[in-house]
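There are 2 protein chains.
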Amino acid sequence: MTSDFLADFGQMSAFGATPGGGVERQAASAADGENRAWFGSWLVDNGFTLRTDAVGNIFGLIETVPGAPYVVVGSHLDSQPLAGRYDGAYGVLAGAHAARATAAAIAAGDAEPRFNLAVVDWFNEEGSRFKPSMMGSAVFTGMLPLDTALATTDPSGTTVAEALDAIDGRGTFDGLDVAAYLEVHVEQGRELEDTGTTIGLVSTTWTAHKLEVVVTGEQSHTGAARMADRKDALHGAAELIVAARRLIDGFEPEQLHTAVSEMYLDPNSPVAIAREVRMLVDIRSPERATLETAVERLRERMSEIEQLAKVDIEIVKVVEWSSGPFLEEGILLAAAEAERLGYTHRRSATVAGHDATNMKERVPTVMLFVPSVDGISHNEREFTSDADMLAGVEVLTAVLGRVVAGDLSAAEAPAAPLSSDAS
Amino acid sequence: MTSDFLADFGQMSAFGATPGGGVERQAASAADGENRAWFGSWLVDNGFTLRTDAVGNIFGLIETVPGAPYVVVGSHLDSQPLAGRYDGAYGVLAGAHAARATAAAIAAGDAEPRFNLAVVDWFNEEGSRFKPSMMGSAVFTGMLPLDTALATTDPSGTTVAEALDAIDGRGTFDGLDVAAYLEVHVEQGRELEDTGTTIGLVSTTWTAHKLEVVVTGEQSHTGAARMADRKDALHGAAELIVAARRLIDGFEPEQLHTAVSEMYLDPNSPVAIAREVRMLVDIRSPERATLETAVERLRERMSEIEQLAKVDIEIVKVVEWSSGPFLEEGILLAAAEAERLGYTHRRSATVAGHDATNMKERVPTVMLFVPSVDGISHNEREFTSDADMLAGVEVLTAVLGRVVAGDLSAAEAPAAPLSSDAS
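Top line first, the protein sequences correspond to chains C and Z.
Numbered continuously in the working numbering, the first sequence closes out at residue 423.
Numbered continuously in the working numbering, the second sequence closes out at residue 423.
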């Protein structure tokens with residue numbers, strides 16, 4: 001079965017393959033559509049019932065306990081532009097193989113299930129084409145209204161609804177009672193590699209603020225306008241990007257991450273000073289207090305930059321990700337299975353957001369990491385070894401077996417058990 | 001005739017009119033096409049022979065001296081995005097009215113012409129959609145190959161040839177012997193206003209370097225990558241924008257203008273650090289030595305920023321505009337006419353490039369400015385009073401009459417008289 005996994009992973013990596021060895025499969029792109037179609041066929045061929053909901057989440061269902069809730073396992077198939085092969089896609093395929101193996105064990109009488117099995121590909125986890133990221137799981141968990149998601153546009157004005165329809169990607173499935181959620185993902189950091197660990201037991205998430213900022217100046221002639229008269233929105237934006245980057249100097253190493261990676265200029269002409277720049281400032285920390293101090297300092301710098309560059313700077317939206325622990329019982333269960341199977345393991349924090357960070361607010365959730373070489377992520381050079389991928393599938397399968405058997409069912413879910421309504 | 005000019009100017013300002021009182025007629029856009037069509041009809045209705053060349057320059061010809069060279073007068077009809085009504089368009093219509101009046105005087109026997117008359121709308125002076133700016137006059141003067149111009153693409157990949165064809169904007173006209181060139185333009189500065197002067201006699205141009213810069217980093221996860229591992233191209237670009245702006249602190253006020261107003265990010269995702277930023281750094285000075293010192297200092301800063309941001313910064317192209325004097329005989333002639341008509345006048349430097357700065361390298365050229373309120377330019381709020389516009393038309397008409405009569409023909413042209421070949 002393990003070589004089977006690697007063969008499937010190789011096939012999947014051909015969809016949207018890039019010359020640099022990565023993939024580009026942004027949400028609801030043609031390449032994402034091809035990969036989803038291949039995955040749908042795989043599910044059907046392997047005994048799953050295929051269902052798609054109204055926001056394009058794909059489910060593969062195996063019901064062995066009529067009427068019982070489902071243990072859902074998966075991740076996302078979409079990617080960043082010029083991305084690696086592993087991010088998300090690895091977790092979906094690992095989940096599918098784990099569920100198939102678990103179903104086979106049940107069918108062979110080797111396991112006594114308490115719950116049913118579901119594999120999921122969450123739509124638009126990446127958020128590069130349509131904001132926000134983790135869209136499919138946010139709709140599924142009721143954190144984001146379906147209509148809002150479907151009306152969201154990409155930079156060219158195409159809506160999620162239109163983009164999904166173009167790949168025949170919307171369905172009518174609704175109503176899945178979820179008992180628990182499991183996800184394995186590449187680490188996107190270098191802690192596992194640096195410590196020689198194979199399995200990360202995700203125990204907490206970093207907290208993050210994503211500030212949508214609009215810098216407003218005044219359009220004028222790039223060459224002719226007197227310097228003293230200029231209200232240059234790009235100058236203000238550049239000062240702010242530098243200030244955000246330098247924020248980290250006031251904190252301990254790796255206690256604060258800051259970046260700007262997306263911006264839009266108007267009019268973006270070689271001969272007209274920008275009248276407006278819109279950008280996203282991303283600030284993250286393992287500690288809420290650190291984050292709040294950093295954001296406060298950045299706000300002070302914004303006021304200074306408004307004076308310096310003669311611009312207005314407005315924070316038009318703040319998306320906050322709360323930090324928070326993962327379920328302790330899940331961490332202990334995964335640690336026990338990793339130990340039993342002979343893999344090194346340690347608790348990990350996730351800096352990146354994941355569908356699991358949405359799901360853990362609603363149901364008992366277990367998330368595993370496998371190593372990322374050099375921590376390279378959102379890059380074609382992202383790499384995880386075959387051995388580490390297979391270790392992740394093995395531990396995930398073991399954890400899934402225990403959760404399906406009911407070993408987490410005594411755990412107190414953070415909220416009432418989730419009955420989805422994604423329609 | 002004066003109210004006639006204002007009525008025509010009002011009609012023209014309706015093409016591509018914006019809610020903020022300006023116009024948007026980027027080169028070969030639909031609005032540019034409508035304005036060009038209106039202007040072509042105006043020329044035909046007013047006795048001009050209409051001709052268009054292979055790069056979309058529009059000429060209106062009146063031949064009264066068979067076989068003689070032409071005195072050409074005009075400017076450009078295209079605009080920046082969300083631009084003012086005056087920039088370029090004023091000069092084209094002023095030239096048309098001046099030429100019509102001069103032809104009428106000749107026809108009435110009130111003037112004895114030595115040359116013929118031509119009005120011109122130079123294609124794509126602005127350069128906001130297609131680089132470089134001053135494209136039409138550059139092709140006409142042989143500074144830019146026609147094929148290069150026609151193959152130039154806008155940010156969406158449309159070529160100049162395709163865009164011109166979409167507005168039926170290419171013709172086959174070639175071969176115009178040019179005796180002299182005249183242009184009137186709004187100042188795009190505030191010196192005339194500040195000194196209470198109506199007519200600027202353009203006597204020199206600032207020198208400029210336009211540096212096309214590529215900043216190369218490495219794509220990674222905006223949140224998860226360790227700060228120490230990042231090679232953030234946008235961070236490097238922002239440091240460079242700030243450095244370019246701060247360059248001016250080392251020089252006397254208004255001796256150096258610097259700006260970045262156009263940039264492109266890859267991949268421009270909210271969750272992926274930019275791997276590449278391309279931008280244009282615009283540096284101008286009245287003094288060549290000042291400019292060279294500034295560029296040298298910026299290059300030193302680039303090396304420091306490469307270390308600081310762990311990026312590569314490459315200047316992939318430098319477009320240099322030489323500073324240079326306008327023809328002294330032309331300045332004196334225009335001064336005499338302004339004086340005779342009772343208008344205040346003074347010598348002006350142009351910071352912005354103009355088609356006249358291309359033409360003056362090849363033929364005797366006279367350029368006039370009229371005031372710009374508050375020096376506002378490339379902005380919907382650009383404003384020149386009706387009285388100042390009419391004063392400009394009056395002085396331009398007077399200068400044109402003298403030049404057509406041969407009053408500049410003894411002046412030594414910077415180069416051999418221009419025989420165009422724009423085909």
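Idealized CB from N, CA, C, for every residue including glycine.
Note that this is a predicted model, so its numbers are computed, not measured.
TODO: Out of Z/S348, Z/T49, Z/V260, Z/L390, point me to the one whose CA is closest to Z/V119's CA.
DONE: Counting from one through the second sequence, the residue named residue 119 of chain Z turns up at place 119. When each option's Cα is compared against that of Z/V119, the closest is Z/T49.
- [ ] Could you tell me which of C/D374, C/P81, C/E126, C/E183 sits nearest to Z/R275, measuring between CA atoms?
- [x] Along the second sequence, one-based indexing puts residue 275 of chain Z at 275. With distances taken between Cα atoms, Z/R275 lies closest to C/P81.
Task: Member of C/A83, C/V366, C/L298 whose CA lies at the smallest distance from the CA of C/A336 - done: Sequence index remark: in the first sequence, residue 336 of chain C carries index 336 (1-based). Answer by Cα proximity: C/V366.
Open item on the list: Quick check on this structure: which residue in C/E306, C/L150, C/G84, C/F251 has the alpha carbon closest to the alpha carbon of C/R170?
Closed with: Counting from one through the first sequence, the residue named residue 170 of chain C turns up at place 170. Comparing Cα-Cα distances from C/R170 to each of C/E306, C/L150, C/G84, C/F251, the minimum goes to C/L150.
- [ ] Report yes or no: is there a C-beta of chain Z within less than 7 Å of the C-beta of C/D355?
- [x] By 1-based counting over the first sequence, the position of residue 355 of chain C is 355. No, C/D355 lies away from the interface with chain Z (no Cβ there is under 7 Å from its Cβ).
- [ ] Quick one: give me the first and last residue of the alpha helix (DSSP H) that C/T290 is part of.
- [x] Here residue 290 of chain C corresponds to residue number 290 of the first sequence, with the count starting at 1. Looking at the DSSP string, the run of the alpha helix (DSSP H) that includes C/T290 is 288 to 309.
Open item on the list: When you compare the CB of C/Q219 with every CB in chain Z, is at least one pair closer than 7 Å?
Closed with: Position 219 of the first sequence, counting from 1, holds the residue named residue 219 of chain C. At least one chain Z Cβ lies under 7 Å of C/Q219.
Task: Where C/Q188 meets chain Z, residues with beta-carbon distance less than 7 Å - done: Taking the first residue of the first sequence as 1, we reach residue 188 of chain C at position 188. The answer, in chain order, is H221, A224.
- [ ] Would you kindly work out how many angstroms separate the C-alpha atoms of C/L265 and C/V215, rounded to a whole number?
- [x] In the first sequence, counting from the first residue as 1, residue 265 of chain C sits at position 265. In the first sequence, counting from the first residue as 1, residue 215 of chain C sits at position 215. C-alpha separation (whole angstroms): 10 Å.
Task: Cβ-Cβ distance between Z/R284 and Z/H257 below 7 Å - done: Indexing the second sequence from 1 puts residue 284 of chain Z at position 284. Indexing the second sequence from 1 puts residue 257 of chain Z at position 257. Using a Cβ distance threshold of 7 Å, Z/R284 and Z/H257 count as a contacting pair.
TODO: Could you name the residues of the same chain whose beta carbon sits closer than 6 Å to that of Z/S377, not counting the 5 residues immediately before and after it, in chain order?
DONE: For the purposes of this step, residue 377 of chain Z is taken as the residue at position 377 of the second sequence. Scanning its chain for C-beta atoms nearer than 6 Å, with the 5 sequence neighbours on each side dropped, one finds around Z/S377 the residues Q188, in chain order.
Open item on the list: Am I right that C/V55 and C/G142 are in contact with their C-beta atoms under 8 Å? What's the rounded C-beta distance?
Closed with: Here residue 55 of chain C is taken as the residue at index 55 of the first sequence, counted from 1. Here residue 142 of chain C is taken as the residue at index 142 of the first sequence, counted from 1. Between C/G142 and C/V55 the Cβ distance is about 12 Å, and since that is not below 8 Å, they are no contact.
Open item on the list: If the criterion is Cβ atoms closer than 7 Å, does the pair C/R129 and C/D154 meet it?
Closed with: Against the first sequence, residue 129 of chain C aligns to sequence position 129. Against the first sequence, residue 154 of chain C aligns to sequence position 154. A contact, by the Cβ cut-off of 7 Å.
- [ ] Step through the CB atoms of chain Z and report whether any lies within less than 7 Å of the CB of C/L308.
- [x] Mapped onto the first sequence, residue 308 of chain C falls at position 308. By this cut-off, C/L308 is not an interface position.
TODO: Give a yes or no on whether the C-beta atoms belonging to C/N57 and C/F123 are separated by under 7 Å.
DONE: Taking the first sequence and counting its residues from 1, the one referred to as residue 57 of chain C is at position 57. Taking the first sequence and counting its residues from 1, the one referred to as residue 123 of chain C is at position 123. Yes.
Open item on the list: Looking at the secondary structure, which residues open and close the alpha helix (DSSP H) in which Z/A259 lies?
Closed with: Stepping through the second sequence from its first residue, residue 259 of chain Z is reached at position 259. From DSSP, Z/A259 is part of no alpha helix (DSSP H) but of the beta strand (DSSP E) over 257 to 266.
Open item on the list: Need the endpoints of the beta strand (DSSP E) that C/A349 sits in, please.
Closed with: Here residue 349 of chain C corresponds to residue number 349 of the first sequence, with the count starting at 1. Run containing C/A349: 345 to 350, per the beta strand (DSSP E) assignment.
Task: Rounded straight-line distance, which links the Cα of C/E193 to that of C/A352 - done: As a working mapping, residue 352 of chain C is identified with position 352 in the first sequence. As a working mapping, residue 193 of chain C is identified with position 193 in the first sequence. Looking at the two C-alpha atoms, the distance is approximately 17 Å.
Task: Beta-carbon neighbours of C/N379, restricted to chain Z and to distances below 7 Å - done: Here residue 379 of chain C refers to the residue found at position 379 when the first sequence is read from its first residue. The contacting residues are E218, Q219, S220.
TODO: Identify whether C/L396 lies in helix, strand or coil by the three-state DSSP scheme.
DONE: Sequence index remark: in the first sequence, residue 396 of chain C carries index 396 (1-based). Correct three-state label for C/L396: helix.
Task: Close-in-space but distant-in-sequence residues of the same chain around Z/Y181 (CB under 6 Å, 5 per side omitted) - done: Along the second sequence, read from residue 1 onward, the residue named residue 181 of chain Z stands at position 181. Taken in chain order, the residues that qualify are V72, M359, V363, T365.
- [ ] Identify the contact partners of Z/M82 in chain C, using a Cβ-Cβ distance below 9 Å as the criterion.
- [x] Taking the second sequence and counting its residues from 1, one reaches residue 82 of chain Z at position 82. It should be pointed out that residue 82 of chain Z corresponds to Leu in this sequence rather than to Met. Result: Q219, D266, P267, A272, R275.
TODO: Assign C/R299 to buried or exposed, taking buried as 16 or more other Cβ atoms, counted over all protein chains shown, within 10 Å of its Cβ.
DONE: For this step, residue 299 of chain C is matched to residue 299 along the first sequence. By the Cβ-count criterion, C/R299 is exposed, with fewer than 16 other Cβ atoms from all chains shown falling within 10 Å of its own Cβ.
Open item on the list: Looking at the strands, I want to know which residues DSSP matches up with Z/P325.
Closed with: Residue 325 of chain Z sits at position 325 when you count from the first residue of the second sequence. When DSSP reads this structure, Z/P325 sits in a beta bridge with Z/T204.
Task: Z/G127: contacting residues in chain C (beta-carbon distance under 7 Å) - done: Within the second sequence, residue 127 of chain Z is the residue found at index 127, counting from 1. Neighbours of Z/G127 on chain C, chain order: P270, V271.
Task: Under 9 Å by beta carbon: chain C residues contacting Z/D229 - done: Reading the second sequence from its first residue, position 229 is the one you call residue 229 of chain Z. Residues of chain C passing the Cβ test: R190, D374, G375, I376.
Task: CB contact check: C/S13 to chain Z, cutoff 7 Å - done: Translated into the one-based positions of the first sequence, residue 13 of chain C becomes position 13. Not an interface residue.
- [ ] Might you give, ordered along the chain, the residues of its own chain that have their beta carbon closer than 7 Å to the beta carbon of Z/V399, omitting 5 neighbours on each side?
- [x] Here residue 399 of chain Z refers to the residue found at position 399 of the second sequence. Within the same chain, Z/V399 has close Cβ partners L182, L333, A334, E337, V366.
Open item on the list: As a quick exercise: from Z/T293, Z/A7, Z/V395, pick the residue whose alpha carbon is nearest that of Z/G342.
Closed with: Reading the second sequence from its first residue, position 342 is the one you call residue 342 of chain Z. Checked all of Z/T293, Z/A7, Z/V395; the closest Cα to Z/G342 is Z/V395.
- [ ] Give the secondary structure of C/T18 by DSSP, where H, G and I count as helix, E and B as strand, and everything else as coil.
- [x] Taking the first sequence and counting its residues from 1, one reaches residue 18 of chain C at position 18. The answer is coil: DSSP assigns C/T18 none of H, G, I, E or B.
- [ ] List the residues that DSSP assigns as beta-bridge partners of C/Y86.
- [x] Indexing the first sequence from 1 puts residue 86 of chain C at position 86. Answer is none; C/Y86 lacks a bridge partner.
Open item on the list: For a test of the three-state rule: what should DSSP assign to C/N358, helix, strand or coil?
Closed with: Along the first sequence, read from residue 1 onward, the residue named residue 358 of chain C stands at position 358. In the three-state reduction of the DSSP assignment, C/N358 falls in the helix class.
Open item on the list: Checking 7 Å against the spacing of the C-beta atoms, do Z/K310 and Z/E212 come in under that value?
Closed with: Here residue 310 of chain Z corresponds to residue number 310 of the second sequence, with the count starting at 1. Here residue 212 of chain Z corresponds to residue number 212 of the second sequence, with the count starting at 1. No, the pair does not count as a contact, with Cβ atoms beyond the cut-off.
Task: Whether Z/V186 touches Z/S372 by CB criterion (7 Å) - done: Numbered from its first residue, the second sequence carries residue 186 of chain Z at position 186. Numbered from its first residue, the second sequence carries residue 372 of chain Z at position 372. Yes, these two residues count as a Cβ contact at 7 Å.
Task: Backbone secondary structure at C/M143 - three-state DSSP - done: The residue given as residue 143 of chain C occupies position 143 in the first sequence. In the three-state reduction of the DSSP assignment, C/M143 falls in the coil class.
Open item on the list: Please state the DSSP three-state secondary structure of C/M12.
Closed with: Here residue 12 of chain C refers to the residue found at position 12 when the first sequence is read from its first residue. C/M12 falls in the helix class under three-state DSSP.
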